[in-house]
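Visitor: Pasting in a structure now, in structure tokens, and then I'll have a few things to ask.
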Amino acid sequence: MYPTLNFDELYASARSGCVLLERASVGRVWMQGRDRLDLLHRMSTNDMTGMALNTVRQTVLTNHLGRIVDCVEVLNLPDGALLLTSPDQSGAVRAWLARHVFFQDDVQLRDTTAEMANCCCWVPVPTRSRSCYSPEPLCRVCSKWCKSARYLWRTWTQAAGVVSNSSGR
2 MYPTLNFDEL
12 YASARSGCVL
22 LERASVGRVW
32 MQGRDRLDLL
42 HRMSTNDMTG
52 MALNTVRQTV
62 LTNHLGRIVD
72 CVEVLNLPDG
82 ALLLTSPDQS
92 GAVRAWLARH
102 VFFQDDVQLR
112 DTTAEMANCC
122 CWVPVPTRSR
132 SCYSPEPLCR
142 VCSKWCKSAR
152 YLWRTWTQAA
162 GVVSNSSGR
């Protein structure tokens, strides 16, 4: 269990060390298959086809009339892509994307909101804040500030059973 901090302690910690904030309301959809980025490219406003591994890109999912379905962040990993949706929208986004998977597409979608945690790591300037999507940025930024960062990432990803390469290097 995490310790309970009052506001003054939290503020002091944020100014002098590392603060890990859980983003429980953010939805999470896990995509697998060789055509996952192609599907996102067809259904969104951003170019997703040339997305490098271990990078994050924001995009807007739109319907056939150009109306916004949701704004998502996409993390492209070697074994899949993680979509961070608006609060409470993961089920709707997963279902909407599933309706647009063609029979020849190699795409699997799973709502992992209940299985996977999402945190944001805040550290003092000049190091700046970063969202903790993979062990690499999390450990480089937070390990000198927060000794438990690697352990937390490994625990969350292993508990979710989603990211297979979560060695926590």
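Numbering of the sequence shown is given in the working numbering, commencing with residue 2 and proceeding in unit increments. Heads up, the beta-carbon is just placed ideally off N, CA and C, and yes, glycines get one too.
1. What do you get for GLN105, buried or exposed, if any count of 16 or more other CB atoms within 10 angstroms of its CB means buried?
2. Exposed or buried, what is ALA82 when buried is set at 16 or more other beta-carbons lying within 10 Å of its beta-carbon?
3. Give a yes or no on contact between the stretch 67-86 and the stretch 21-37, applying the rule of three or more CB pairs nearer than 8 Å.
4. Please state whether DSSP places ARG24 in a helix, a strand or coil.
5. On the CB-based measure, 16 or more other CB atoms within 10 Å of its CB, does SER26 come out buried or exposed?
6. Spell out a yes or no on whether the stretch 107-118 and the stretch 54-62 are touching, meaning 3 or more CB-CB pairs, one atom from each, closer than 8 Å.
7. Among all the DSSP beta bridges, which residues are the ones paired with MET32?
8. So GLU74 and LEU85 are supposed to be a Cβ contact under 8 Å. How far apart are they, rounded?
Guide: Quick look at the numbers:
1. Position 104 of the sequence shown holds residue 105. It counts as exposed.
2. Residue mapping note: residue 82 aligns to position 81 of the sequence shown, counting from 1. Classification of ALA82: buried, given that the 10 Å Cβ count is 16 or more.
3. yes
4. Walking along the sequence shown from the start, residue 24 turns up at place 23. Coil at ARG24, not helix or strand.
5. Mapped onto the sequence shown, residue 26 falls at position 25. The residue in question, SER26, is exposed, as its Cβ has fewer than 16 Cβ neighbours within 10 Å.
6. no
7. Indexing the sequence shown from 1 puts residue 32 at position 31. ALA82, LEU110, per the DSSP bridge assignment.
8. For the purposes of this step, residue 74 is taken as the residue at position 73 of the sequence shown. For the purposes of this step, residue 85 is taken as the residue at position 84 of the sequence shown. The Cβ separation is near 4 Å, so the contact holds.
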